[in-house]
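J.: Chains as they are written, first to last, in my numbering: chain A, 1 to 334; chain B, 335 to 668.
Even for Gly, the Cβ is constructed at its ideal location relative to N, Cα and C.
Number of protein chains: 2
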Amino acid sequence: MQRGRPDLSVRSVADVGEAGLLEIVKERFGNGSDHGEVWAGDDAAVLATGERSLLTTDVLVEGIDFDLAYGSGRDVGWKSLAVNISDIAAMGGRPTRAVVTLALPPTTVLGVVDSFLDGLVEGAARWDVGIVGGDISGAAQMSVSVAMLGTVDGDPVLRAGARPGDAICVTGSLGGAAGGLFALQGGVTGSSPRIDELVGRQLRPEPRVVEGAQLKRLGATSMIDVSDGLGLDLTRLMTASGTGCAIETAMLPVDPNLGALEGGPDGVELALGGGEDLELLCTIDASRLDEAMEALAPPLAGFTRIGDVTEDGLMLDGVAMKGEELGWDHLRSR
Amino acid sequence: MQRGRPDLSVRSVADVGEAGLLEIVKERFGNGSDHGEVWAGDDAAVLATGERSLLTTDVLVEGIDFDLAYGSGRDVGWKSLAVNISDIAAMGGRPTRAVVTLALPPTTVLGVVDSFLDGLVEGAARWDVGIVGGDISGAAQMSVSVAMLGTVDGDPVLRAGARPGDAICVTGSLGGAAGGLFALQGGVTGSSPRIDELVGRQLRPEPRVVEGAQLKRLGATSMIDVSDGLGLDLTRLMTASGTGCAIETAMLPVDPNLGALEGGPDGVELALGGGEDLELLCTIDASRLDEAMEALAPPLAGFTRIGDVTEDGLMLDGVAMKGEELGWDHLRSR
Chain A
1 MQRGRPDLSV
11 RSVADVGEAG
21 LLEIVKERFG
31 NGSDHGEVWA
41 GDDAAVLATG
51 ERSLLTTDVL
61 VEGIDFDLAY
71 GSGRDVGWKS
81 LAVNISDIAA
91 MGGRPTRAVV
101 TLALPPTTVL
111 GVVDSFLDGL
121 VEGAARWDVG
131 IVGGDISGAA
141 QMSVSVAMLG
151 TVDGDPVLRA
161 GARPGDAICV
171 TGSLGGAAGG
181 LFALQGGVTG
191 SSPRIDELVG
201 RQLRPEPRVV
211 EGAQLKRLGA
221 TSMIDVSDGL
231 GLDLTRLMTA
241 SGTGCAIETA
251 MLPVDPNLGA
261 LEGGPDGVEL
271 ALGGGEDLEL
281 LCTIDASRLD
291 EAMEALAPPL
301 AGFTRIGDVT
311 EDGLMLDGVA
321 MKGEELGWDH
331 LRSR
Chain B
335 MQRGRPDLSV
345 RSVADVGEAG
355 LLEIVKERFG
365 NGSDHGEVWA
375 GDDAAVLATG
385 ERSLLTTDVL
395 VEGIDFDLAY
405 GSGRDVGWKS
415 LAVNISDIAA
425 MGGRPTRAVV
435 TLALPPTTVL
445 GVVDSFLDGL
455 VEGAARWDVG
465 IVGGDISGAA
475 QMSVSVAMLG
485 TVDGDPVLRA
495 GARPGDAICV
505 TGSLGGAAGG
515 LFALQGGVTG
525 SSPRIDELVG
535 RQLRPEPRVV
545 EGAQLKRLGA
555 TSMIDVSDGL
565 GLDLTRLMTA
575 SGTGCAIETA
585 MLPVDPNLGA
595 LEGGPDGVEL
605 ALGGGEDLEL
615 LCTIDASRLD
625 EAMEALAPPL
635 AGFTRIGDVT
645 EDGLMLDGVA
655 MKGEELGWDH
665 LRSR
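(1) Tell me which same chain residues have a C-beta within less than 6 Å of the C-beta of Gly-30/A, skipping the five on either side of it?
(2) Which of helix, strand or coil does DSSP assign to Ser-561/B?
(3) For chain B, find out if any of its Cβ atoms is closer than 7 Å to the Cβ of Arg-305/A; answer yes or no.
(4) Do you know whose CA, among Gly-484/B, Arg-408/B, Leu-592/B, Asp-646/B, lies nearest Gly-521/B's CA?
(5) State yes or no: is the beta carbon of Ser-333/A nearer than 7 Å to at least one beta carbon in chain B?
(6) Which same chain residues, not among the five before or five after Ala-214/A, have their C-beta less than 8 Å away from its C-beta?
(7) Quick check on Ser-621/B: buried or exposed, where buried means 16 or more other Cβ atoms within 10 Å of its Cβ?
(8) With 7 Å set as the bound, which would you pick, yes or no: does the beta-carbon of His-330/A sit closer than that to a beta-carbon of chain B?
(9) Closer than 7 Å, CB to CB, is Thr-221/A near chain B or not?
(10) Just how far apart, CA to CA, sit Met-335/B and Leu-158/A?
(11) Please classify Gly-607/B as buried or exposed, where buried requires at least 16 other C-beta atoms within 10 Å of its C-beta.
(12) Determine the extent of the beta strand (DSSP E) in which Asp-365/A is found, giving its start and end residues.
(13) Compute the beta-carbon to beta-carbon distance between Ala-320/A and Ala-240/A, rounded to the nearest angstrom, for a pair I have assumed lies under 8 Å.
(14) Counting along the chain, where does the alpha helix (DSSP H) carrying Ile-195/A start and finish?
(15) Could you work out which residues of chain A lie near Asp-469/B, taking near to mean beta carbons separated by less than 7 Å?
(16) Name the residue from Trp-78/A, Thr-310/A, Pro-298/A, Asp-135/A whose alpha carbon lies nearest to the alpha carbon of Val-121/A.
(17) Name the DSSP beta bridge partners of Phe-400/B, please?
(18) Which residues in the same chain as Leu-518/B place their Cβ atom closer than 7 Å to its Cβ, once the five residues preceding and following it in sequence are excluded?
(19) Give the interface partners of Met-476/B over in chain A, defined as CB-CB distance under 8 Å, in chain order.
(20) Between Pro-490/B and chain A, is there a C-beta pair that is closer than 7 Å?
(21) Alpha carbon to alpha carbon, how far is Ser-72/A from Glu-62/A?
(22) In or out: Gly-111/A buried (at least 16 other Cβ within 10 Å) or exposed?
(23) DSSP beta-bridge partners for Asp-469/B?
(24) List, in order along the chain, the chain A residues whose C-beta lies closer than 9 Å to that of Val-466/B?
(25) Would you list, in sequence order, the uninterrupted beta strand (DSSP E) runs of no fewer than 3 residues that lie entirely inside the stretch 224-302 of chain A?
(26) Please identify the residue among Gly-17/A, Leu-102/A, Gly-50/A, Gly-212/A whose C-alpha is closest to the C-alpha of Asp-58/A.
(27) Check whether the Cβ of Leu-47/A lies closer than 7 Å to any Cβ atom in chain B.
(28) Short check: CB of Ala-481/B to CB of Val-99/A, under 7 Å?
(29) Helix, strand or coil for Val-380/B, going by three-state DSSP, please let me know.
(30) What residues in the stretch 74-88 of chain A have a beta carbon less than 7 Å from any beta carbon of chain B?
(31) Please confirm whether any heavy atom of the ligand MN lies closer than 6 Å to the CB of Leu-55/A.
(32) Report yes or no: is there a C-beta of chain A within less than 7 Å of the C-beta of Thr-435/B?
(33) Given Ala-271/A, which residues of its chain have a CB within under 6 Å of its CB, disregarding the five upstream and five downstream residues?
(34) What residue range does the alpha helix (DSSP H) around Ala-19/A cover?
(35) Which of the three DSSP states is assigned to Ala-167/A in this structure?
(36) Tell me, please, whether the CB atom of Ser-449/B is closer than 7 Å to any CB atom in chain A?
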């Protein structure tokens, strides 16, 4: 809720209607006049694009991908941009412009909408992305779809491209977002700075845009972001490349804060199966590993070799696995 | 449901999970290899774009924007593209590429998903749009968001630009989509070819891409598509242009098939307040009116002058009105 705008916390979307809501939205975003572009307010945005553009989209649904019981609208706004920016980062690209659709129950308190817009505005400023248009509809359940345009200098890094012998590496640390979800869902009592950090990784993930651009420059042969769990995303990378891999769990950069979840799930399991870390998983010629580790050292996210590309098969500590065994499936009954 | 794929009609989304569903989706769309682009299957699509791109997005939610009780998944797929293409058409542009997010209950029968994909594939072929990526999530309620890229030669036609003295014109006919909705919601008994035509305008609207390009060529000074009702969309056009208008209801091209709705709502009211016709509403120098009527004559949609741009105010048959009185608001309580 916004201080100085107390009315928004008590009035609902239905009170102001679509026209009123659009006014609230318009107030929050810039227009393209500084860029010679046309943003929101016409039938479509008019954007300056280069010869080549990146385009991706993701949808977040309340109760599935986020929960307003333990995250704010602001977190949802931030994350809805972050997951898309992560896809652009995984191509070695830079995000530029986005459009957003919001479906929400008419009973939604305007304070939640305003908080959501705060998160969008904050994320847009953080990553220099223009929110250039959108659409709103009623719904039984809140959901947000973002479509993100990006740009890339030279050739993007695709999922296909890994070669046997390449090192498999990951930025930052893994499992933190899943640990944060465990904490939010009531898995821990009390709080601590370390648990807050895990929660932050779940609610306010940081896509690795600078790291992705560095890895492109360093000749990464394939890249994907870790959004559905290392196991599943690694399988996607290897499938696209037509290669296999051998991973050592002892080498995984397990989020050090997971140790704060006393009696919680195993750190290695979270690192392998938990999604949403938005780290980058890539393959790179082993001869460039040292250079990459130096380039991605703090203040960047860090860079860890977790295994090697092989001819085929997914080996985990020497045992053959299936990627699906480790990943998250939004839709399958369980 | 697809003949020859009987299993899809009885199995649910939960039976196959996200991975299985993605396989079903991938089968249905091309890839960008023929275009030197990368479509679905990587983190983001890689697209050839010109110096200037159009970008728009729309969301359709079950129970609000469509109802599977009276429209097929195929209709939803078609319409989800059509409403976005209409936005591109209203800039005088041509649609090129789209991304789609689909949220749906895991209990959804795969036949519905397959039918939805049929509609997407059919619409993509009809308008030569590549579906280059997407995302799927679970939800309590089905919803579809499409983001559409387009291109435009020269300057797009914006909403701002109408000048006092310009003729206000509309393509095709108005009110048919609202009449079709009335019929679908049980407002008529029995069926007839004329009622089927109204239903077609509701479920399978035809965006006016060729007409939009012609109107741009002819120097239309402002343009918008009629998606929320003539009253509301006209108000938007006039507000953006800083002008007013005088409309004569006797000049409105009321859909002739509305006469088949015996005892139904008044045709002029539907033409003014019903949305979703996806006709183009524009302003044009009065000296070019004859030329435009000739250029848009059948087999194109036709072109009718409905009034004139004035200095300010919205006059309907000489009476001052508010645009909001005539339009559709998705969210306001009523």
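T.: Per the coordinate set shown:
(1) Within the same chain, no Cβ atom closer than 6 Å to the Cβ of Gly-30/A is found once the five residues on either side in sequence are excluded.
(2) Collapsing the DSSP output to three states places Ser-561/B in coil.
(3) Output row for Arg-305/A: interface = no.
(4) The closest CA to that of Gly-521/B, considering only Gly-484/B, Arg-408/B, Leu-592/B, Asp-646/B, is found on Leu-592/B.
(5) In this predicted model, Ser-333/A has a pLDDT of only 47, less than 50, meaning its place in the structure is not dependable; the value taken from the coordinates is given anyway. Taking Cβ atoms only, chain B reaches closer than 7 Å to Ser-333/A, which makes this a yes.
(6) Reading the sequence as shown, one finds Gln at residue 214/A and not Ala. Around Gln-214/A: Ala-292, Ala-295, Leu-296, Leu-300.
(7) It counts as exposed.
(8) Here the model assigns His-330/A a pLDDT of 48, short of 50, so the residue's position is not dependable, and the following value carries that caveat. Interface flag for His-330/A against chain B is set, since a Cβ pair is found closer than 7 Å.
(9) For Thr-221/A, not one C-beta of chain B is nearer than 7 Å to its own C-beta.
(10) Annotation note: pLDDT 34 at Met-335/B (below 50); position unreliable, no value reported.
(11) Under a 10 Å Cβ-count criterion, Gly-607/B is classified as buried, with 16 or more other Cβ atoms of the shown protein chains found around its own Cβ.
(12) As shown, chain A starts at 1 and ends at 334. That puts residue 365/A outside it, with no answer to give.
(13) With a Cβ gap of about 20 Å, Ala-320/A and Ala-240/A do not count as contacting.
(14) Counting along the chain, the alpha helix (DSSP H) containing Ile-195/A begins and ends at 193-203.
(15) Among the residues of chain A, those whose CB is under 7 Å from the CB of Asp-469/B are Thr-57, Asp-58, Val-59, following chain order.
(16) Distance from the Cα of Val-121/A is smallest, within the candidate group Trp-78/A, Thr-310/A, Pro-298/A, Asp-135/A, for Trp-78/A.
(17) Residue pairing by DSSP puts Phe-400/B in a beta bridge opposite Glu-396/B.
(18) Closer than 7 Å at the Cβ level, and outside the excluded window around Leu-518/B, lie Tyr-404, Val-533, Gln-536.
(19) Chain A residues near Met-476/B: none, gap ~10 Å exceeds 8 Å.
(20) Output row for Pro-490/B: interface = yes.
(21) Roughly 12 Å between the two C-alpha positions.
(22) Its Cβ being crowded by 16 or more others within 10 Å, Gly-111/A is buried.
(23) Its beta-bridge partners are Thr-435/B.
(24) Result: Leu-55.
(25) As far as the stretch 224-302 of chain A is concerned, its whole beta strand (DSSP E) runs of at least 3 residues are 244-247, 279-284.
(26) Comparing Cα positions, the closest option is Leu-102/A.
(27) Taking 7 Å as the CB threshold, Leu-47/A lines the interface with chain B.
(28) Between Ala-481/B and Val-99/A, the gap from beta carbon to beta carbon is short of 7 Å.
(29) In the structure shown, Val-380/B sits in a strand (DSSP, three-state: E or B).
(30) Those would be Asp-87, Ile-88, in chain order.
(31) This structure does not include the ligand MN; it has no bound ligands of any sort.
(32) With 7 Å as the cut-off, Thr-435/B counts as an interface residue toward chain A.
(33) If we look at Ala-271/A and ignore the five residues flanking it on each side, its Cβ neighbours are Leu-174, Gly-175, Leu-252, Val-254.
(34) Its alpha helix (DSSP H) spans residues 13-28.
(35) Strand, per DSSP.
(36) Not closer than 7 Å to any Cβ of chain A, the Cβ of Ser-449/B fails to qualify, so no.
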